[in-house]
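Reviewing the structure listed below.
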Amino acid sequence: MASGPVTTLHWLRVFRKSIPAYVKAASQDPTLPADERGGAAARFADAFGSVLDALERDPAATCVDGFITQPINCSTLCRIRDHALQRQGFVDIFKPLKDEENGKALALLPGVLRELDGVADDGARFEMALRGVFAGNVFDMGCAETASKADAAEEAGGSVASAFASTRDSLLPRPWAVDGMDAFLARMAARRLCPHVKAILFVDNAGADVVLGMIPLARELLKRGTQVVLTANALPSINDVTAPELAPLLAAAAEGDAVLRRCLAEGALRVVSSGNDLGVIDLTKVSPELDAEARGCDLVIIEGMGRGIETNLYAKFRCDAAKLAMVKHPEVATLLKGRLYDVVCKFDAAD
Numbered sequence: 121m122a123s124g125p126v127t128t129l130h131w132l133r134v135f136r137k138s139i140p141a142y143v144k145a146a147s148q149d150p151t152l153p154a155d156e157r158g159g160a161a162a163r164f165a166d167a168f169g170s171v172l173d174a175l176e177r178d179p180a181a182t183c184v185d186g187f188i189t190q191p192i193n194c195s196t197l198c199r200i201r202d203h204a205l206q207r208q209g210f211v212d213i214f215k216p217l218k219d220e221e222n223g224k225a226l227a228l229l230p231g232v233l234r235e236l237d238g239v240a241d242d243g244a245r246f247e248m249a250l251r252g253v254f255a256g257n258v259f260d261m262g263c264a265e266t267a268s269k270a271d272a273a274e275e276a277g278g279s280v281a282s283a284f285a286s287t288r289d290s291l292l293p294r295p296w297a298v299d300g301m302d303a304f305l306a307r308m309a310a311r312r313l314c315p316h317v318k319a320i321l322f323v324d325n326a327g328a329d330v331v332l333g334m335i336p337l338a339r340e341l342l343k344r345g346t347q348v349v350l351t352a353n354a355l356p357s358i359n360d361v362t363a364p365e366l367a368p369l370l371a372a373a374a375e376g377d378a379v380l381r382r383c384l385a386e387g388a389l390r391v392v393s394s395g396n397d398l399g400v401i402d403l404t405k406v407s408p409e410l411d412a413e414a415r416g417c418d419l420v421i422i423e424g425m426g427r428g429i430e431t432n433l434y435a436k437f438r439c440d441a442a443k444l445a446m447v448k449h450p451e452v453a454t455l456l457k458g459r460l461y462d463v464v465c466k467f468d469a470a471d
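Residues 121 to 471 in our numbering are what the sequence shown lists, from first letter to last.
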């Protein structure tokens, strides 16, 4: 984190830019008394800002105001931010927003699935599903750039439907920052008659991201005969969907779709907790349930900027693996020599 085109100072500024979105959500958190929210949100901002100030002065500091600050990386800074919220009594400040966006996205899901089913060619349909994943991944309140875009769209009266469709249909032209789309599609075509046995999909944000992006992708895999395990955080962080939220969300999605409904009933589609509590993930520290599911897995898909780029872009697997995300931080774009809102579609075939 300390050297190269993006330095520690740049990353500290990334996290500093996230503070206003957190303060806004915390100030509206219904789990705290109305007369306490504003003060608690301000104290969070002061505490987290003070840690960032101290690290700007001394990046080697090991502890600031009781927060462990080393190793200084995305995981550590994410954990400090969440702990600063928890010290003020906040547990899940984006919960109301997640619930609202999940409801909006569920209403749109049948239309997205019908559109996919209307594409006869397997490869073209899978590519459309992947593009839907990239479009859905825009919805990320942990990123200052996309949080401000979401606020602007809300003020302008924009809908989730129009935002999702326009984003999917207007992704930046290829080649992308990391462009393994052709390799991924070729692998899926080669395995059409011998599909993957089990896929584990690491999901990211609530709302359009998981409902309109990852669930349709999971459905495409299910239609091929692949078992699908969706894995999500055990505990809340940012606007990431949690496993306890994902299970009923998936059941609601299945009510209107025969494929999802059948696969849920048969156990071919299931949800497990990753054991994680951050917007990034250390794959050496997962839940026993996810560890057990990894046996027999021959396809891993990690979605989202935090999990797929910032912490696991170069992670190696013994099976086919894809990392899918949209680049939403200018600093990440610089590191990848790409563009803001560029796409990462990294695919590595099993050795």
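By construction, the Cβ of each residue, glycine as well, lies at the ideal position given by its N, Cα and C atoms.
Asked                                                                                                                                                                  : Found
Whole angstroms is fine: what's the gap from residue 238's alpha carbon to residue 288's?                                                                              : 17 Å
Determine the DSSP secondary structure at residue 419, reduced to helix, strand or coil.                                                                               : strand
State the CB to CB distance for the pair residue 253 and residue 328, rounded to an integer number of angstroms; the pair is presumed to be in contact (CB under 8 Å). : Wrong, their Cβ atoms sit about 10 Å apart, outside the cutoff.
Count the other CB atoms within 10 Å of the CB of residue 434; is the residue buried (16 or more) or exposed (fewer)?                                                  : exposed
Using a threshold of 8 Å, state whether the C-beta atoms of residue 210 and residue 305 are closer than that.                                                          : no
From the DSSP output, in three-state form, read off residue 148 for me.                                                                                                : coil
Measure the C-alpha to C-alpha separation of residue 393 and residue 143 and round it to an integer number of angstroms.                                               : 28 Å
Quick check on residue 208: does DSSP put it in helix, strand or coil?                                                                                                 : coil
Find the nearest neighbour of residue 180 within the set 169, 193, 168, judged by alpha-carbon distance.                                                               : 193
Per DSSP, what kind of secondary structure is residue 126 in: helix, strand or coil?                                                                                   : coil
Could you please give the first and the last residue of the uninterrupted alpha helix (DSSP H) stretch that includes residue 242?                                      : 242-256
Would you call the region 282-298 in contact with the region 399-408, where contact means no fewer than 3 C-beta pairs closer than 8 Å?                                : no
Give me the DSSP bridge partner(s) of residue 350.                                                                                                                     : 321, 391
Applying the 10 Å Cβ sphere with the 16-neighbour rule, what's the burial state of residue 231?                                                                        : exposed
Determine the DSSP secondary structure at residue 442, reduced to helix, strand or coil.                                                                               : strand
Residues in its own chain within less than 7 Å of residue 390 by CB, not counting five upstream and five downstream?                                                   : 349
For my contact list, residue 307 and residue 469 are in at a C-beta cut-off of 8 Å; report their separation, rounded to the angstrom.                                  : 6 Å
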